[in-house]
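S.K.: Mapping of the sequence shown onto the working numbering: residues 273 to 662, in sequence order. Just dropping this structure here.
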Amino acid sequence: MATERLFYKNVYQKEFKAMVKACRQTDEGYQVILDRTLFYPEGGGQPADHGILDGIPVYDVQYEGEEICHMVKEPLREGKEVTGMIDWERRFDLMQQHSGEHIVSGMIHEKYGYENVGFHMGEERITIDLSGPLTLPQVKEIEDKVNDYLWENRETNIFYPDEEERNKISYRSKKELTGEVRLVEFPGADLCACCGLHVSRTGEIGMVRIISCKKFREGVRLEMLSGKRAFRYLSMNEEQNARVAVSLSVKEEETANAVDRLQKEIYELKGQLKEEKQKRFAGRAEALTGKGNVFLFEEAMDAAEVRKCTDAILDTCGGIAVLLSGNDTDGYKYAAGQRDGNVRELVGRMNKKLNGRGGGKPFFAQGSLNADRKQVEEFFREEGFYSGTC
Numbered sequence: 273m274a275t276e277r278l279f280y281k282n283v284y285q286k287e288f289k290a291m292v293k294a295c296r297q298t299d300e301g302y303q304v305i306l307d308r309t310l311f312y313p314e315g316g317g318q319p320a321d322h323g324i325l326d327g328i329p330v331y332d333v334q335y336e337g338e339e340i341c342h343m344v345k346e347p348l349r350e351g352k353e354v355t356g357m358i359d360w361e362r363r364f365d366l367m368q369q370h371s372g373e374h375i376v377s378g379m380i381h382e383k384y385g386y387e388n389v390g391f392h393m394g395e396e397r398i399t400i401d402l403s404g405p406l407t408l409p410q411v412k413e414i415e416d417k418v419n420d421y422l423w424e425n426r427e428t429n430i431f432y433p434d435e436e437e438r439n440k441i442s443y444r445s446k447k448e449l450t451g452e453v454r455l456v457e458f459p460g461a462d463l464c465a466c467c468g469l470h471v472s473r474t475g476e477i478g479m480v481r482i483i484s485c486k487k488f489r490e491g492v493r494l495e496m497l498s499g500k501r502a503f504r505y506l507s508m509n510e511e512q513n514a515r516v517a518v519s520l521s522v523k524e525e526e527t528a529n530a531v532d533r534l535q536k537e538i539y540e541l542k543g544q545l546k547e548e549k550q551k552r553f554a555g556r557a558e559a560l561t562g563k564g565n566v567f568l569f570e571e572a573m574d575a576a577e578v579r580k581c582t583d584a585i586l587d588t589c590g591g592i593a594v595l596l597s598g599n600d601t602d603g604y605k606y607a608a609g610q611r612d613g614n615v616r617e618l619v620g621r622m623n624k625k626l627n628g629r630g631g632g633k634p635f636f637a638q639g640s641l642n643a644d645r646k647q648v649e650e651f652f653r654e655e656g657f658y659s660g661t662c
């Protein structure tokens, strides 16, 4: 016999009593079948309700034919009357998300003719995959229209038309439906076949925020939030913006312009720093003119800077140049080269003796050493290199 679905009779009811018809042990716990339930099983894109049965947590709910299985970790005696209570905060959140998704999808379908070809209701965000492209201004226009509609506080209409009536109306559905069909209507916004749970009036959704629009296959994927999730998201962004404003010593409404100015200043400073480094590289190269094979240490250089400085020294030293940057704790990055020469044998000996790795072309190589500075200096002195470190 089918489980009586109390969640369709009163979506706002939070507590109920029922009889345990069956309790089956599984590898993950127990499946409890009740004669009636408020627990909504996963379906129609909406996750299952959570809650408790006689104090025992219900962590999942699924359909098994016409019966509804409640997943628990402890057994309940067959024939016992139990009290169930759903996690109302979770239920209402999912209702807000699902109803908001319907209205967004419906308004996009009405304006652009796009189909909702994918829908996922995650724990943090909702995604909608649409069959056609949208620009950011178009998304913003839809978002404004949706929120204006919510604040009209329109009443939701849920009904079960017979086949004759169904053939006369146009509704959204991902597949051809037969038998009893449940239609959810947000008048003037959407009419869609759906077995999920929804708010009774649109004002309960509160707000909808579309937070991203990205190209996906032949269309786009929207990420959106409704209700309390949208409120928390905006509150978080406001808090972050306030912190940025304090850091930049500007008003909160001026952070974007302040960041633009800061980025411009950083770009200019990077240019100046690059010029100074080039001058420094040139100075180091000039100081090593004619010294032959040289090695030197420089502090706080990244791999690109190590390469550039070594390249500058190669033009003046007249031999092999090896530059290292780092410290005894983290190791040393190196670059080694010789104009029209071959440093492979040297790099091979260096990697072997100083626990290094790396390589490159015959005339230039890069890598890293896991050795302390004293060991590195000793190696190059044995190789007959001149120390170019100041």
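Idealized CB from N, CA, C, for every residue including glycine.
Whole angstroms are fine: how far does the CA of ASN529 sit from the CA of ALA607?
M.R.: Answer to the nearest angstrom: the Cα atoms are 41 Å apart.
S.K.: Considering only C-alpha positions, which residue in the set ASP434, GLU436 and GLY372 is nearest to LYS417?
M.R.: For LYS417, the nearest C-alpha among the options comes from GLY372.
S.K.: How long is the line joining the alpha carbons of THR298 and ASN513, rounded to whole angstroms?
M.R.: Approximately 50 Å between the Cα atoms of the pair.
S.K.: Are three or more beta carbon pairs between the segment 610–626 and the segment 554–563 nearer than 8 Å?
M.R.: No, they do not touch.
S.K.: Residues in its own chain within less than 7 Å of GLU570 by CB, not counting five upstream and five downstream?
M.R.: If we look at GLU570 and ignore the five residues flanking it on each side, its Cβ neighbours are CYS581, LEU595 and SER597.
S.K.: Out of ARG629, ARG438 and PRO405, state which residue places its alpha-carbon closest to the alpha-carbon of GLU452.
M.R.: Cα-wise, what sits closest to GLU452 is ARG438.
S.K.: Excluding sequence positions up to five away, which residues of its chain have a Cβ less than 7 Å from the Cβ of ILE477?
M.R.: Taken in chain order, the residues that qualify are GLN368, SER371, GLY372, LEU422, VAL471, SER498 and GLY499.
S.K.: Around the Cβ of ASN627, are there at least 16 other Cβ atoms within 10 angstroms (buried) or fewer (exposed)?
M.R.: So ASN627 counts as exposed.
S.K.: Thinking C-alpha only, which one of ARG363, GLU617 and ILE305 is nearest GLY337?
M.R.: Out of ARG363, GLU617 and ILE305, ILE305 has the C-alpha closest to the C-alpha of GLY337.
S.K.: Taking only the alpha-carbon atoms, compute the straight-line gap between ALA290 and LEU408 and give it to the nearest angstrom.
M.R.: Spanning the two alpha carbons is a distance of roughly 50 Å.
S.K.: What does LEU306 pair with, by DSSP beta-bridge criteria?
M.R.: VAL292.
S.K.: Could you check whether CYS464 and TYR443 sit closer than 8 Å to each other, using their CB atoms as the reference points?
M.R.: Contact flag set, yes.
S.K.: For THR561, count neighbouring C-beta atoms within 10 Å of its own C-beta (all shown protein chains included) and say buried if the count is 16 or more, exposed if not.
M.R.: Answer is exposed; the Cβ neighbour count stays below 16.
S.K.: On the premise that GLY317 lies in contact with MET393, defined as a C-beta separation below 8 Å, what is that separation, rounded to the nearest angstrom?
M.R.: That belief holds up - the Cβ atoms of MET393 and GLY317 are roughly 6 Å apart, short of 8 Å.
S.K.: What's the C-alpha gap between ALA502 and ARG426?
M.R.: Using only the alpha carbons, I get a separation of about 20 Å.
S.K.: Let me make sure I understand the geometry here. Which of ARG296, ASN599 and TYR658 has the alpha-carbon closest to that of ASN642?
M.R.: With distances taken between Cα atoms, ASN642 lies closest to ASN599.
S.K.: Cα separation between THR428 and LYS412?
M.R.: Approximately 24 Å, taken between the alpha carbons.
S.K.: Note down the Cα distance separating ALA593 from ALA575, rounded to an integer number of angstroms.
M.R.: Each residue's Cα considered, the two are about 15 Å apart.
S.K.: Just to confirm the assignment, what range does the alpha helix (DSSP H) spanning GLN544 have?
M.R.: It spans 527–559 - the alpha helix (DSSP H) in which GLN544 sits, taken as one unbroken run.
S.K.: Rounded to a whole number of angstroms, what is the C-alpha to C-alpha distance between LEU541 and GLN610?
M.R.: About 33 Å.
S.K.: Using CA atoms only, rank isn't needed, just tell me which of LYS551, GLU548 and CYS589 is closest to LEU568.
M.R.: Nearest of LYS551, GLU548 and CYS589 to LEU568, Cα basis: CYS589.
S.K.: Within 10 angstroms of the Cβ of LYS605, are there 16 or more other Cβ atoms? Answer buried if so, exposed if not.
M.R.: Burial call: buried.
S.K.: DSSP three-state label for ILE375, please.
M.R.: Three-state result, ILE375: helix.
S.K.: So, helix, strand or coil for GLY316, using DSSP?
M.R.: DSSP places GLY316 in coil when its eight states are reduced to three.
S.K.: Any idea if MET545 is buried or exposed, counting beta-carbon neighbours within 10 angstroms, 16 or more meaning buried?
M.R.: According to the sequence shown, residue 545 is Leu rather than Met. Label assigned to LEU545: exposed.
S.K.: For PRO459, does the count of other Cβ atoms within 10 angstroms reach 16, so buried, or fall short, so exposed?
M.R.: Exposed.
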